[in-house]
Structures are given as C-alpha cells and as structure tokens.
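Chains S and Y are the protein sequences, given in the same order.
In terms of the numbering used here, the first sequence has 272 at position 265, counting the first letter as 1, and numbering is strictly consecutive.
In terms of the numbering used here, the second sequence has 1132 at position 214, counting the first letter as 1, and numbering is strictly consecutive.
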Amino acid sequence: MGTTIFDIGAESRTGLRLPSLDVPERNLTELIPAELIRKEDPKLPQVSQVEVVRHYTKLSRMNYGVDNGIYPLGSCTMKYNPRINEDMARLFAHAHPLQGEELSQGALRLLYELGEYLCAIGGMDAITLQPAAGAHGELTGMLIIKKHFERAKELHKRTKILLPDSAHGTNPASAAMCGFEIVHIPSDSRGLVDLHALRSNLDESVAGIMLTNPNTLGLFETDIVEITTLIHDVGGLVYYDGANLNAIVGRARPGDMGVDIVHYNLHKTFSTPHGGGGPGAGPVAVIKKLEPYLPVPRVIRVGARHAVAPTYALDYDRPHSIGKIHSFYGNFGVLVRAYTYIRMMGDEGLRAVSTNAVLNANYLRARLSKVYKAPYDRLCMHEFVLTTKGMSEELRTLDVAKRLIDHGVHPSSIYFPLIVPEVMMIEPTETVSKEELDHFADALIKVAQEMRENPQMLKEAPHAVPVYGASVRRLDEVRAAKEPILRG
Amino acid sequence: MAAFEFIPNTPEDQRKMLAEIGLNDLEELFADIPPEVLRRFKPMGLDPLSEPEVKHLLTTLAHAEPYVSFLGGGVYDHYIPSIIPHLIARGEFLTCYTPYQAELSQGTLTWMFEFQTMVCELTAMEVANSSMYDGGSALAEAMLMAKNITGRTRFLVARSLNPHYRKCLETYAWGAGLELSEIPFTEDGRLDRAALPTEIDKNLAGLIVQTPNFFGVIEDLSGLKDLITDAFLIVSVNPISLGILAPPGVYGADIVVGEGQPLGIPQSFGGPLLGLFATRMNYVRKMPGRMAGRTVDADGRIGYVMALQTREQHIRREKATSNICTNQALMALCATIYLATLGRRGLRRVAELNLQKAHYLAEKIAKLPGFALRFAGPFFNEFVVQTRQKPARLLKALRDEGFLGGLDVAPYELLDGNNLLIAVTEKRTCEELDRFVARLRREDKGHAKRG
C-alpha cells in the first residue's frame, strides 16, 4: 500500500525507446539561448515498461468501478459504460481540431446530429456541446442569463439567482462566478420547492432560478409548471440542471415544463464513463430567444434541409455570443460516446432507461425504508434518500457506509443533500439486475442489524481493504484436473 | 418491448418489483409528473440500432485518409506509447468516479498523487491539482484565482497568447467583471516588455503570458515578476517543452497552467484535453480543483484521500474557489503513465527531437524562395513562416499530397500578410520533412509562374 511509481525503478531503466535523430544534430545552444535551457531535470521516474504496466495494473485493482458491481452514488448515475462507445471514440483519435471543415465533415455531422437529438430529448430549440462537464454547463447557462439581461439593459437590477436547497452542489458556485447573488429557497414538508417562500422572493431583481429536477431528494417537482410560470411572470429565466435526467428521459422533456435553459450530463444519462472523475460533457440547450448567446463556434448545416449531401460548418459569426468556454469544441470523444449510445437506444431504449431506473430506485426504497428512515416516504424517481438519524447513539451514516465496503458493495452518496441529516442518497440506475439490487439491500439491512448488535464493528470498518483481483483463497488445481467441469 | 443489452430487468423481475413497491403498472411510477407535461412529449424519431449497425455508421462517419501533420496551435501529433490506451481502458480506472470513498479508490488517489508530483516537477512549482478541463479554461481559472487573492480586477494579457485561450479568458473575464488589457509583441515575436511599465497600476491583478507562445516563440520570463511587482505572474506552458526549457517556477511564476494534451492524449478533434494547474503552497487554499493527499489508515499504513475539500463547491457552496467538480481525470491518468513511461531522460529526448527537427525544417523552408521565417525569436517545435501565396490555397495543394501543412494564421488577425504556423513533433521523419520542403518549393514555383 502507498507505493508510488517514484518508489520503483532504477536510473538506467526506460519505459520506451525513441527513434534516433535522423536530421543532422546541432548543439542545443545553437538553437536556443543557454539561459532558456533547464538547469535541473524534473525528477520523473525511471522505470522499465513492464514495471509501468504492473504498477498501474496494481493500482487499478485497488479501485472499485461500475464494472465491479453496483455503484449507487446518488445524482451521479453510475450506469454501465458500453465498450462499443470506447471503440467509436477511438475512430476519431487522429482528427485535429484545426484541420479545416473540409476534412471534418464526419465529425461535424456527428456534432450536428447529436445536438439535434439532445434538443429533441430536452424539448429545446438550440444547443452548444462545448461545456466539458455539468458545472461547466451551469457556468455557460449563467453567462447566457447574464448576456440576456445585459442586452435587455436590465443587468443592473437583475442581480439574484434563486436556488432551492435541494439543488445540486455545483449550482451556487456557478452562479457566484458570474457575479450573481444567491437566494436560497427552502424545501417544504413534501421535499419540494416551498412555493410560499418562492413567491415571497419574486420581484424584478430575480434574474432566474436554478432548478434540479428531479431534485437531489429524488423527488419530481410536481409544481414545476407553476414554478416556471411564476419566474417568467417577473421576467426571470429558468435554468434546469439536467443531472437527474435519467429519471425522465424518453418520457418527459424540460422544454415542456417551461424551462429556458437546460444542461445535460452525458457522463450520467448517456453512458459515457466517469473515468475516475472525468472527462464528462455538459451540453447546454436553450429556447429560441436565447440562441444568439450560445458559445461560438456553432456547428451549422449548410444548404437545403433535405439536400442529398448536406455539408456542415463552424460558425463564429455570432455577435451576441457569450464567447468561447473551451479551447476548441468541447470533449469531442465524450460526445462520440453519447452519440453512439443514443443511436443504439433510440426512443424505445431511452424510455426503457427511465422506466427501469425509476423502478429499481423504488424497489430499493420499498425494501430499505422498512429498516432505515425515509424522510420523504413516498414514490421517488431515479434516486431516494434515507437517514440513519435516531437509529444509534454512537454511530453515524459514515460508519454505515464504511461497513458496506466490508460487504463488498460501494456505498451510496452520503451527507448530500445537506438538508437531511445523516443522509444516504441512493441511485441504483437501470443497468443493475434485480439480483444485484437484492444483494445491495441485503447488505444494508445486515448493517442495520450490526448497528444494534456490534457497533464497534461499524466504527472500525472497513476491516480489510478489498483487493478485487484476489477475491478467493488458494484454488484446488488438482481437483480441477481430476474432475474437470468445463461447462455449466 | 425488445430486450436491451444494457438493461437486465425482465418482465418477470418488473412484476416482482412492482409488487414489492405496491404498484400495478410501470406508468404509475411517474405519477408525480404533471399530465400536461407527459402529454406534450414527442419522441426523437430514432429507431434503436444494434451494435454492428452503430459500428458501421460511425466507421463511415469517421473515415479519414492518413495525413502527415504539421498542425499545432494547441493540439499536437505526438507519439502515444501503446501501453497508455491499454492501461486506461482497465474497467477499474475507466468506470469509477471521483474518489468519494477513499478505501475503494486507492488506485485513483495514488495516481492523482503521482500526477500532482509530476506536474510540480515539470513546472518547478510547489503544488498542483489533479486536472482542469483544458488549457484555455485552466488559464481562465488562474485569472479568477488571482482576482480572488489580490482583490483586484485588471489583467494584462500577452497578444502572443493562443487566440483560442484568449477567447476563453474574455468569456470568463466578462462573467466575473474583470478588465483585460493587451501587451503587444515585438518584432522577434516576444512580449514587449517596454510596454509593461505604463500598464502597471494599483488595480493590476496579474500578467498572463504563454511560452512557447502562439507563434512558437519562447518567451524570456526572467525579471518579469519584478517588473509587475505584487501582481500575479501567470504562465501557460507546453509540458513537452519543459523537458528542455527552464520551468516557470524558477522565474517566480505564481500560477502555472498548460495544455496537457501532448502528454499521451489523442488529438480527438480537440477534446477531451487536459488542463494543468500548479501554484505555490501559500496559495493552496485558494486553488481550484481536486487534489489527493497522503495519509495513513487505522493500522498506520500509507494511503491517499481527497485533500482540502473545504475549498470545493459541494461544501463551500457559493464561496468555493471554483465550481469545478467533474474534471479530466482519465486524461490526467494518460499524462501520468506517459511521464512514467518516458521518465526524466525520455521526456528530455522527446523535447530534443522536437526542437532539432523543427529547426531542421525551419532552416530548409527559410532558404526556399518565396518563404521566410516571420520571427527571429527562439522557438521550440513550432514556428511561423511567411508565404508568397495565400496559406488557404497552399494548404489545399499540400492536402492533395497527404500533408496537413500547418495553420493559416490570417483568421486570428494577429499578423499582416500571409503566414503559416508550422508544428514539428518527434513523429515527423527526415524523409517527411524533406518531401514537405520539396512540395513547398514546387508549389511556390507554380505560384510564381501563375502569378
């Protein structure tokens, strides 16, 4: 444990030989002035290739991923990442972002079509694929709101962004980066936006609201149409954090709820891998009147709509655009993966996603709320919250989570959302089987029993760091040779 | 309904689960969605495709002839060791998320720790985070960090900065209410230091420079920090160049950022890329982004956890150092394995190959009639060539013979006349360089005749 790549290797080892110089060699100082040359080499490892491979293979085995089993982090949508996505992204590995439109028609067409699909999924009019993550999308959305009011000459008075306390963690920071003042709106006893509190904060100082729907309690904002109408009535805009889109994809659209701006998390709803924390993608779609403010370049189709061979172009000529928010066009490789997924699922598949995601969450909720407390005991969407509060004098949710590790499953999100004490936020996704759901529920129910019977066990958890590559003890090779069982 | 390969539930499973929940029908699960919203729903109009079908579709879209590339401008055609795509494809790296549960994420946390150490070594800085989105947004975040620490709002930006980064800076600066002023470049393509003193005032938060800059010219950072006194020196670097070039840390840089794509990451039409971000230890609590820190477990064994999370958005809310959450982790893993594989000497060797080959090509082109080097300043692996004919036309002719001949600088409105930005990496062979020169000679002759 703890060994890094710096702890292994030897001075004369190398992980890769390079070709010899095939042009006449010159003295370095003939090429660049001596004072610009590095005096001290960076202290990088010196290891052979096999040591590199073994070190990182070892590290990989100290991780738990979706490939290892259920990974029920709430609001993270840790669904299965189809490997076909990886192969499709690699097809474009050699494309240079500045190679010109003529050589980029396939890539541009993919971007254009992905934009069309996402607009259709969200019920929106126009889109940018540039944001590299959900929070980057939120920032883009807030800049669009700022631009809208700047052009309307109302920016001086539109200073506030309303933020329900059940919104996503990144929302307040995104709004603050654009200079907006945050006004927190509490939840009511239903776990939904408190309409009374919302109304009392509505006036012409409101630039907009940032709404996560379903919210981080896993509840659909049943008053969504009224909320968007109220905001519009005072001239504000509605930003919809689509991180939880997995709950409604293929059956309900933010655009049909009166939403003006929405971001999608392609690494959540659209199956692109989380990669240990990224890269993701956070496209932002808007209604028609906000289209002029989308980042440049826009991907456009040139020529007639039903032309036999339409061509695609990058359009920088958008005078009211907020500008660029990525060096090039966003996390293109992630966009290819999401495109692949959407084409494979089609309308029918996406509807099956939300159906089964919500079914799985409610099944777990039904089983677990018999043992843990569900602060909002009602149907949930794709995720739900439980609390351990009141179950033990000395133990906390953290102890429960750490004990789950001993049972071989990944814990849920804990201590978020902030409005429920000692909370667990559980999102199973549609890609786990009923057997896995039962395994997870059994483990959590067992831990509740252990809470009563052996609290010390939980306090000291996890007891051993699981190494998934060595999940069995010594295997009997003799028996396998004597009595071969070669099929099930 | 057809069975989808990513959704295990069978109709029988669904029946059992509905019974446990106490419902009769799947549609009852969505009772909280207002009926008018459900009624307005329209599908995309897309039928599902099978894996072989989608593979065929994408393969057709991606079809591309192989080119010999001299394109740079922020993304480069470097050699990627074969072990990188194999190692990062391991499911335990690929399919995990941010290491919220440290005990199940020691692999990720360990390589993050290694990555941070390597970035510090490269840049000669004291602390680095575990990645930003890309070079452009990393630079913008550096600007915001300098604003938050100094409490000032004005920044000087070198005109020789990559114009794509400049555009990102402008967007973020407008959002945060910051003012940008430009420092021109001299005839040799470097920052015009003479223009600095009159631009320094009490509200100056920082100076933003890039080296090698957009034109490929290496900036002289010596004494810059003294010139701008207590304002922040923010430097954007090409990490490969740091195999040879003196790192910004030795010149007193306050924040060093850069585009990490050259470190084993595919060009991939400009993303996913990798933002590098490093600073000094006394600013660590104001730094954006995730970090791994070393600790011990209950038995005293070394382990790693996410460190200083109180800076981050999920805890600090609107007072966080940045809104960044999901970053470019897997790309940072590419860079970590790249630097581990090449090692100290390998990185230096790659940098030398770039430098030597770029200079070989530049000298050959400079001797051609109709071509000249635009700047006399020292360069690393990229340089600007003045051409007699329009670069757009020249590039098209080169493309017909299998070359991506470089970048036409005209659209950026930084230089007068016809200019081509040419990048040379270790992948280009002497034969390719000579063939490229021969082709340029022929093209210019043709142009002179036509002209």
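Yeah, the Cβ is synthetic: ideal placement off N, Cα and C, and Gly gets one too.
In chain S, which residues lie less than 8 Å from residue i when you measure between Cβ atoms?
i       : result
P1309/Y : Simply none; closest approach about 11 Å.
V1268/Y : L25
H1232/Y : G176, T177 and F423
T1035/Y : T11 and F13
Considering only their Cβ atoms, is the gap separating residue j from residue i smaller than 9 Å?
i       : j       : result
L371/S  : K409/S  : no
S987/Y  : F1301/Y : no
G9/S    : P52/S   : no
Q1246/Y : G1193/Y : yes
G1176/Y : S1154/Y : yes
Y300/S  : I329/S  : yes
G1107/Y : R1292/Y : yes
M388/S  : F922/Y  : no
P1130/Y : F1297/Y : yes
I1136/Y : F1150/Y : no
R1229/Y : P1206/Y : yes
N1080/Y : F1132/Y : yes
V343/S  : P138/S  : no
Against residue i, what residues of chain Y qualify as contacts under a CB-to-CB distance less than 8 Å, listed in chain order?
i      : result
V30/S  : Q1274, K1275, Y1278, C1348 and L1351
V241/S : Correct list: empty, because the minimum Cβ distance to chain Y is about 21 Å.
F50/S  : One detail in the question is off: residue 50/S reads as Lys in this sequence, not Phe. Result: E1039 and R1262.
I231/S : P952 and V955
N70/S  : E1010, F1011, C1014, L1022, S1023, Q1024, G1025 and T1026
I91/S  : E969, V972 and K973
Give me whichever residues DSSP pairs with residue i in a beta bridge.
i       : result
A980/Y  : Its beta-bridge partners do not exist; DSSP assigns none.
N1245/Y : Its beta-bridge partners do not exist; DSSP assigns none.
S196/S  : S196/S is not bridged to any residue.
K93/S   : This sequence places Glu at residue 93/S; Lys is not what is there. Beta-bridge pairing links E93/S to no other residue.
S399/S  : Beta-bridge pairing links S399/S to no other residue.
K154/S  : According to DSSP, K154/S bridges with nothing at all.
Y246/S  : M217/S and I268/S
List the residues of chain S whose Cβ lies closer than 9 Å to the Cβ of residue i, in chain order.
i       : result
A1171/Y : Neighbours of A1171/Y on chain S: none; closest Cβ ~14 Å, over 9 Å.
D943/Y  : Those within 9 Å of D943/Y in chain S number zero; the least Cβ separation is about 11 Å.
Quick one: which chain Y residues come within Cβ less than 7 Å of residue i?
i      : result
M264/S : V955
K153/S : G1093
P286/S : P1190, Q1246, L1248 and M1249
L117/S : L979
Which residue comes first and which comes last in the beta strand (DSSP E) that contains residue i?
i       : result
E1100/Y : E1097 to I1101
V431/S  : Note that residue 431/S is Met in the sequence shown, not Val. Where M431/S is concerned, the enclosing beta strand (DSSP E) stretches over V430 to I433.
R305/S  : R305 to V309
G1335/Y : No beta strand (DSSP E) holds G1335/Y; DSSP gives it neither H nor E.
R1072/Y : R1072 to A1076
Y271/S  : I268 to Y271
E1177/Y : I1173 to E1177
S1154/Y : F1150 to V1155
D3/S    : For residue 3/S there is no data in the structure shown, the boundaries of chain S being 8 and 495.
At what residues does the alpha helix (DSSP H) containing residue i begin and finish?
i       : result
R68/S   : Q56 to R68
A204/S  : L202 to S207
G175/S  : The sequence as given places His at residue 175/S; Gly does not occur at that position. Segment: none, H175/S is in no alpha helix (DSSP H) and carries neither H nor E.
E457/S  : K441 to E460
F1354/Y : C1348 to R1368
G1211/Y : No alpha helix (DSSP H) contains G1211/Y, which is instead part of the beta strand (DSSP E) from A1210 to V1214.
Q1034/Y : Q1024 to T1041
L1062/Y : G1053 to T1068
V232/S  : I231 to D240
F339/S  : F339 to L375
M935/Y  : P929 to I939
Name the chain S residues whose beta carbon is nearer than 7 Å to that of residue i?
i      : result
A949/Y : L386
Going along chain Y in order, which residues have a C-beta closer than 9 Å to the C-beta of residue i?
i      : result
L4/S   : Residue coverage of chain S in this structure runs from 8 to 495, which leaves residue 4/S outside it and unanswerable.
F335/S : G992, V993, D1052, G1054, H1082, F1187, G1188, G1189 and L1191
Give, in chain order, every residue of the region 1186-1204 of chain Y whose Cβ lies closer than 8 Å to some Cβ of chain S. Within the region 1186-1204 of chain Y, the qualifying residues are S1186, F1187, G1188, G1189, P1190 and L1191.
If contact means a Cβ-Cβ distance below 8 Å, which residues of the region 134-146 of chain S contact chain Y? A139, A140, G141, A142, H143, E145 and L146
In the region 32-45 of chain S, which residues sit with their C-beta less than 8 Å from some C-beta in chain Y, listed in chain order? E32, R33, L35, L38, I39, P40, E42, L43, I44 and R45
Using Cβ-Cβ distances below 8 Å, what residues of the region 1047-1064 of chain Y are close to chain S? S1048, S1049, Y1051, D1052, G1053, G1054, S1055 and L1062
Interface positions of the region 958-969 of chain Y facing chain S (Cβ-Cβ less than 8 Å), listed along the chain: The region 958-969 of chain Y vs chain S, Cβ under 8 Å: R958, F959, K960, P961, M962, G963, L964, D965, P966, L967, S968 and E969.
Output needed in chain order: residues of the region 339-355 of chain S with a Cβ under 9 Å from some Cβ in chain Y. Only those residues of the region 339-355 of chain S whose C-beta falls short of 9 Å from the nearest C-beta of chain Y are listed: F339, G340, V341, L342, V343, Y346, T347, Y348, I349, R350, M351, M352, G353, D354 and E355.
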